[in-house]
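Taking this note's numbering, the leading residue of the sequence shown gets 223, the next gets one more, and so forth.
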Amino acid sequence: MPLYDAEIVGKDLTPLVLQGPRVYLCSIRDEDLPLYAKVFSDGTTMQHLAHLAKAESGGWTLQQMSERHAEKSAIMRKGEGIFFGVYCHKRILAAMNEENTTLMEELRCPMSSCGAGVEMADYYFAGPAGLNWIDHTSHSASAGIVVHRFLQRTHLASEVLWLIFDYAFQHLGIESITMDTSENNTPMRRWCENVANMQHTKTQNEDAGVWMEYTLSKRQWLDYEGHEGTRTKMMKQLQQRAAVDMNARVVNGDHRFQYLLHDL
223 MPLYDAEIVG KDLTPLVLQG PRVYLCSIRD EDLPLYAKVF SDGTTMQHLA HLAKAESGGW
283 TLQQMSERHA EKSAIMRKGE GIFFGVYCHK RILAAMNEEN TTLMEELRCP MSSCGAGVEM
343 ADYYFAGPAG LNWIDHTSHS ASAGIVVHRF LQRTHLASEV LWLIFDYAFQ HLGIESITMD
403 TSENNTPMRR WCENVANMQH TKTQNEDAGV WMEYTLSKRQ WLDYEGHEGT RTKMMKQLQQ
463 RAAVDMNARV VNGDHRFQYL LHDL
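Written out as structure tokens, the structure reads:
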């Protein structure tokens, strides 16, 4: 796996694909915008992001979501952020209860291929994730993720954020990543503190109330001098808790894990 590639800095990142054992991360397809709107309009999923939920108007319209997608894509084309759709493979259903497995059909992707010949009919749209902004001067970035409530407690967020963190630290030259979440978002705060071992400070947001800012450094992420970094610890947790092997590298199999850099 190549380390920091200065040629990528400031380049169009929309062709970027990250693939793990259960997830496929790529730019959100136009045909999946109705699913994107469905995730962002779900009151339970967005309970800690009320300022984005548009609950007062009945949720997101397709037009509003198309405009948001266009804005995020423009940032990604400048290399100043990464905005993925999180597409989870149908094998994740094994980690869910029967009721949610049935409800997941609402999030099944339309039948068509996407990048690298992946058949998207085998995938469900889980939500967006990525780097909200990238500052190449300070070598810092801010990460974010929204996972539909059907998929919570499947360790999907850990798999997705592992891929994003590892790519940012090892390929984009990022030295520090922050994540912001509401003070009342206990599940996300527990993840940041207990899984990712991030340090935190409290901030006041005029529109969204009290928020916590969590920080993870490249030094904390990577192993050094015989000490396990967060990267290795998260890999072990995924193996133990979800039977997800982040070392899997079967190129032509269902459990591929690789970085696919198209036209960068």
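Ideal Cβ positions, reconstructed from N, Cα and C, are used throughout, including at glycine.
The model shown is predicted, which means the values in this text are computed figures rather than measured ones.
Could you say which of the options lies nearest to residue i if we only look at CA atoms?
{"i": "residue 240", "options": "346, 441, 308", "result": "308"}
{"i": "residue 401", "options": "425, 299, 291", "result": "425"}
{"i": "residue 357", "options": "329, 385, 391, 375", "result": "391"}
{"i": "residue 493", "options": "353, 382, 268, 436", "result": "The displayed coordinates of the chain run from 223 to 486. Any statement about residue 493 would go beyond what the structure contains."}
{"i": "residue 459", "options": "441, 435, 417", "result": "417"}
{"i": "residue 265", "options": "275, 382, 256", "result": "275"}
{"i": "residue 375", "options": "327, 316, 360", "result": "316"}
{"i": "residue 362", "options": "246, 436, 286, 245", "result": "436"}
{"i": "residue 444", "options": "351, 325, 384", "result": "384"}
{"i": "residue 258", "options": "343, 290, 245, 324", "result": "290"}
{"i": "residue 440", "options": "464, 469, 389, 410", "result": "389"}
{"i": "residue 387", "options": "406, 456, 288", "result": "456"}
{"i": "residue 463", "options": "311, 406, 378", "result": "378"}
{"i": "residue 344", "options": "277, 469, 310, 468", "result": "310"}
{"i": "residue 404", "options": "233, 300, 413", "result": "413"}
{"i": "residue 411", "options": "396, 398, 434, 397", "result": "434"}
{"i": "residue 355", "options": "286, 364, 347", "result": "364"}
{"i": "residue 245", "options": "438, 292, 348, 232", "result": "348"}
Name the DSSP beta bridge partners of residue i, please?
{"i": "residue 449", "result": "446"}
{"i": "residue 309", "result": "246, 347"}
{"i": "residue 425", "result": "433"}
{"i": "residue 400", "result": "364, 437"}
{"i": "residue 353", "result": "304, 365"}
So, is residue i buried or exposed, given that buried needs 16 or more other C-beta atoms within 10 angstroms?
{"i": "residue 380", "result": "buried"}
{"i": "residue 476", "result": "Confidence in residue 476 is poor, its pLDDT being 38 and thus under 50, which makes the residue's placement unreliable; the coordinate value appears in the next sentence. Counting Cβ neighbours within 10 Å, residue 476 comes out exposed, since fewer than 16 surround it."}
{"i": "residue 235", "result": "buried"}
{"i": "residue 225", "result": "Reliability fails at residue 225, whose pLDDT of 48 lies under 50, so the model's placement of it is uncertain and the value that follows must be treated cautiously. Residue 225 should be labelled exposed."}
{"i": "residue 446", "result": "exposed"}
{"i": "residue 472", "result": "For residue 472, the predicted model reports a pLDDT of 36, less than 50, meaning its position is unreliable; a value from the coordinates is still stated below. Residue 472 should be labelled exposed."}
{"i": "residue 252", "result": "exposed"}
{"i": "residue 270", "result": "buried"}
{"i": "residue 242", "result": "buried"}
{"i": "residue 461", "result": "exposed"}
{"i": "residue 394", "result": "buried"}
{"i": "residue 360", "result": "exposed"}
{"i": "residue 432", "result": "exposed"}
{"i": "residue 273", "result": "exposed"}
{"i": "residue 260", "result": "buried"}
{"i": "residue 267", "result": "buried"}
{"i": "residue 350", "result": "buried"}
{"i": "residue 442", "result": "buried"}
{"i": "residue 175", "result": "Because the chain in this structure spans residues 223 to 486, residue 175 falls outside the shown range and cannot be described."}
Check whether the Cβ of residue i sits closer than 7 Å to any heavy atom of the ligand PLP, and report yes or no.
{"i": "residue 269", "result": "Within the structure as shown, the ligand PLP is missing, as the structure has no ligands at all."}
Following the continuous alpha helix (DSSP H) through residue i, name the residue where it begins and the one where it ends.
{"i": "residue 391", "result": "378–393"}
{"i": "residue 373", "result": "Residue 373 -> no alpha helix (DSSP H), and no H or E assigned at all."}
{"i": "residue 288", "result": "284–299"}
{"i": "residue 274", "result": "272–275"}
{"i": "residue 261", "result": "255–262"}
{"i": "residue 323", "result": "320–325"}
Taking the continuous beta strand (DSSP E) assigned at residue i, which residues delimit it?
{"i": "residue 434", "result": "431–439"}
{"i": "residue 410", "result": "Residue 410 -> not in any beta strand (DSSP E); alpha helix (DSSP H) instead, spanning 408–412."}
{"i": "residue 238", "result": "238–241"}
{"i": "residue 342", "result": "Looking at the DSSP string, residue 342 is not in any beta strand (DSSP E), and its letter there is neither H nor E."}
{"i": "residue 252", "result": "No beta strand (DSSP E) contains residue 252, which DSSP labels as neither H nor E."}
Requested in this report: Decide if the region 277–284 is in contact with the region 418–427; the criterion is three or more beta carbon pairs, one per stretch, under 8 Å apart.
Outcome: In short, these stretches do not touch, since the Cβ pair count stays below three.
**Report entry** Given 8 Å, three or more beta-carbon pairs between the region 365–374 and the region 448–468
**Finding:** With a cut-off of 8 Å, the region 448–468 and the region 365–374 do not count as touching, because too few Cβ pairs lie within range.
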